[in-house]
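Position 23, counted from 1, in the sequence shown is what full-length UniProt numbering calls 23; the numbers after and before it change by one each time, with no gaps.
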Amino acid sequence: MLRLGMVGGGQGAYIGNIHRLASRLDGQWQLVAGAFDVDPERGRAFAISQGLDPARSYGTYAELIAGEAGREDRVDAVAICTPNFTHYPIAKALIEAGFDVICEKPLTATLEDAVALEKLARESGRFVGVTYTYSGYPMVHEARVRVARGELGAIRTVQVEYPLEWMATAIEQSGNAQAAWRTDPKKNGRGGSIGDIGTHAYHLAGFVTGLTLESLTADLATFVGGRALDDNAHVMMRYQGGARGLLWSSQVAIGNSNGVRLRVFGEKGSLQWFQEQPNELVFTPLDGRVQIIKRGADDLSEDARLRIRTPPGHPEGYLEAFANLYAGFAEAIRARQEGREPSLLGQNLPLAYDGLKGVAFVEAVVDSHEAEGQPWLTPVAV
Numbered sequence: 001m002l003r004l005g006m007v008g009g010g011q012g013a014y015i016g017n018i019h020r021l022a023s024r025l026d027g028q029w030q031l032v033a034g035a036f037d038v039d040p041e042r043g044r045a046f047a048i049s050q051g052l053d054p055a056r057s058y059g060t061y062a063e064l065i066a067g068e069a070g071r072e073d074r075v076d077a078v079a080i081c082t083p084n085f086t087h088y089p090i091a092k093a094l095i096e097a098g099f100d101v102i103c104e105k106p107l108t109a110t111l112e113d114a115v116a117l118e119k120l121a122r123e124s125g126r127f128v129g130v131t132y133t134y135s136g137y138p139m140v141h142e143a144r145v146r147v148a149r150g151e152l153g154a155i156r157t158v159q160v161e162y163p164l165e166w167m168a169t170a171i172e173q174s175g176n177a178q179a180a181w182r183t184d185p186k187k188n189g190r191g192g193s194i195g196d197i198g199t200h201a202y203h204l205a206g207f208v209t210g211l212t213l214e215s216l217t218a219d220l221a222t223f224v225g226g227r228a229l230d231d232n233a234h235v236m237m238r239y240q241g242g243a244r245g246l247l248w249s250s251q252v253a254i255g256n257s258n259g260v261r262l263r264v265f266g267e268k269g270s271l272q273w274f275q276e277q278p279n280e281l282v283f284t285p286l287d288g289r290v291q292i293i294k295r296g297a298d299d300l301s302e303d304a305r306l307r308i309r310t311p312p313g314h315p316e317g318y319l320e321a322f323a324n325l326y327a328g329f330a331e332a333i334r335a336r337q338e339g340r341e342p343s344l345l346g347q348n349l350p351l352a353y354d355g356l357k358g359v360a361f362v363e364a365v366v367d368s369h370e371a372e373g374q375p376w377l378t379p380v381a382v
């Protein structure tokens with residue numbers, strides 16, 4: 001079992017608990033160390049409440065690095081579950097100290113930091129995984145395989161959306177800490193909804209289709225008064241090879257709890273996947289019947305089968321998808337430690353360069369919106 005450390009994600013932090021649950025699901029990881037809070041004493045108390053050894057319950061990430069560096073049973077990787085603006089200094093310090101990293105998206109809050117961190121990860125040989133959760137779903141992998149096999153033919157258009165309703169009012173002004181830092185440019189970065197959830201949609205579209213973004217034009221809006229960042233984004237995309245794309249992200253779309261949806265249209269057919277019905281993939285061939293492909297079907301690809309835990313008819317969802325990422329990260333790290341190629345489970349993972357592409361996408365979207373005279377922009381990292 002691999003040993004996991006964690007920075008951030010303490011008491012009351014939604015994403016920290018998701019990481020802990022997902023890491024335990026397959027018995028691949030054990031949480032053994034952490035620095036869970038900006039308040040050192042509160043962080044230590046939370047660590048002890050989680051059953052951690054008090055000697056490995058750290059007040060800061062610097063203490064975690066110093067404390068773990070000299071141990072024979074040091075952590076194998078550290079999960080970063082903190083606000084965006086802290087990702088770079090924490091990840092940089094961990095990599096320089098020789099630790100592998102599992103980082104929440106976006107990889108960093110600025111493009112400059114993303115470029116530097118990806119370069120550091122590449123040159124150091126450390127593993128840096130980024131938790132683009134939706135690439136963990138079995139039926140998303142099935143969609144990827146079918147596109148790669150040519151079942152859709154040449155891709156013509158891609159439509160991806162991620163609408164939420166939770167910030168439809170100014171909840172950041174009434175004490176909601178999660179909304180407060182997401183609406184603060186100093187903590188979140190330049191993109192509001194596009195940086196928080198649009199980056200998920202962008203990664204999902206590229207992961208399934210394999211298409212490379214060539215250029216984009218964007219229109220951002222801030223509908224809730226008093227916000228400094230966008231809470232709604234529309235992006236038109238041009239891919240290399242001629243395919244076109246549309247992306248919509250919104251934090252103010254009333255009636256949508258977590259409406260991630262992907263539609264891919266090719267010359268021979270189409271695929272549709274909806275995150276709130278994640279166990280089904282809709283395939284429509286040209287001049288053929290609509291096919292609903294269910295998780296657990298006999299003819300699924302091995303990529304999808306590897307990520308299925310329960311029998312047909314027993315739904316799997318978000319936690320399991322997150323756990324698939326952790327299982328893949330574990331396989332990739334073990335393979336490197338053992339000097340072998342990773343199995344299929346440890347392939348096709350979101351890594352540092354995917355994180356860099358996500359940050360570059362957000363920067364290009366904001367630049368496009370602000371540069372009215374030059375709307376079609378090419379991201380630095382495609």
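Glycine included, C-beta positions come from ideal geometry on N, C-alpha and C.
Residue i: which of the options sits nearest, CA to CA?
i: A253; options: N232, I65 and Q272; result: N232
i: R24; options: Q337, P342, N324 and A221; result: N324
i: V38; options: G27, L229, A62 and G189; result: A62
i: G225; options: Q277, H203 and A168; result: A168
i: S215; options: R144, M6 and F361; result: F361
i: R122; options: K105, V140, V145 and E96; result: E96
i: D100; options: G5, F207 and L213; result: G5
i: I65; options: P163, A93 and G51; result: A93
i: R307; options: E331, F329, L345 and P40; result: L345
i: A327; options: K105, Q337, L349 and R190; result: L349
i: F329; options: T133, G191 and V290; result: T133
i: T378; options: E316, Q337 and M237; result: M237
i: A221; options: G210, F127, H234 and L211; result: H234
For residue i, which residues from the same chain have a beta carbon less than 6 Å from its beta carbon, with the 5 sequence-adjacent residues on both sides left out?
i: A205; result: V158 and V160
i: R340; result: none
i: P285; result: G269
i: L120; result: I95
i: R144; result: V208
Check residue i in the structure and name its three-state DSSP category.
i: Q337; result: helix
i: T157; result: strand
i: P285; result: strand
i: F36; result: coil
i: A77; result: strand
i: K357; result: helix
i: V7; result: strand
i: E104; result: coil
i: L345; result: helix
i: G129; result: strand
i: F99; result: coil
i: E276; result: coil
i: S57; result: strand
i: L52; result: coil
i: L25; result: coil
i: residue 390; result: Since the first and last residues shown for the chain are 1 and 382, residue 390 lies out of range.
i: L94; result: helix
i: L64; result: helix
i: L111; result: helix
I'd like the list of long-range same chain contacts for residue i, defined as Cβ closer than 7 Å, with 5 residues on each side in sequence excluded.
i: residue 383; result: Past the edges of the chain, shown from 1 to 382, lies residue 383, and the structure says nothing about it.
i: R263; result: Q159, S270 and Q272
i: A47; result: G34, F36 and S57
i: L107; result: H87, A114, L117, V130, A352, G355, L356, G358 and V359
i: N258; result: L164, Q275 and E276
i: P375; result: T217 and S368
i: A154; result: G266 and E267
i: E331; result: P342, S343, L345 and G346
i: L111; result: V359, A360, E363 and V380
Which same chain residues, not among the five before or five after residue i, have their C-beta less than 8 Å away from its C-beta?
i: K187; result: P83, N84, F85, A109 and W181
i: L319; result: I18, L21, A22 and L25
i: I293; result: M139, E142, E280, L281, V282, F283 and L300
i: Y14; result: Q178
Here's the rule: buried if 16 or more other CB atoms are within 10 angstroms of the residue's CB, otherwise exposed. What is residue i?
i: D230; result: buried
i: E118; result: buried
i: F223; result: exposed
i: H314; result: exposed
i: R309; result: exposed
i: P278; result: buried
i: A77; result: buried
i: G175; result: exposed
i: S250; result: buried
i: S193; result: buried
i: S135; result: buried
i: D303; result: buried
i: P311; result: exposed
i: V290; result: exposed
Report whether the distance from the Cβ of residue i to the nearest heavy atom of the ligand FMN is below 7 Å.
i: E104; result: As for the ligand FMN, it is missing from this structure, which has no ligand bound.
Is the Cβ of residue i closer than 8 Å to any Cβ of chain B?
i: E142; result: Checking the listed chains, one finds no chain B in this structure; it contains a single protein chain.
Item to check | Continuous alpha helix (DSSP H) assignments of at least 4 residues falling wholly in the UniProt domain "GFO/IDH/MocA-like oxidoreductase" (141-271) | outcome: 177-182, 185-188 and 199-209
Checklist entry - Which whole runs of the beta strand (DSSP E) in the stretch 305-338 are 3 residues long or more, in chain order? => result none
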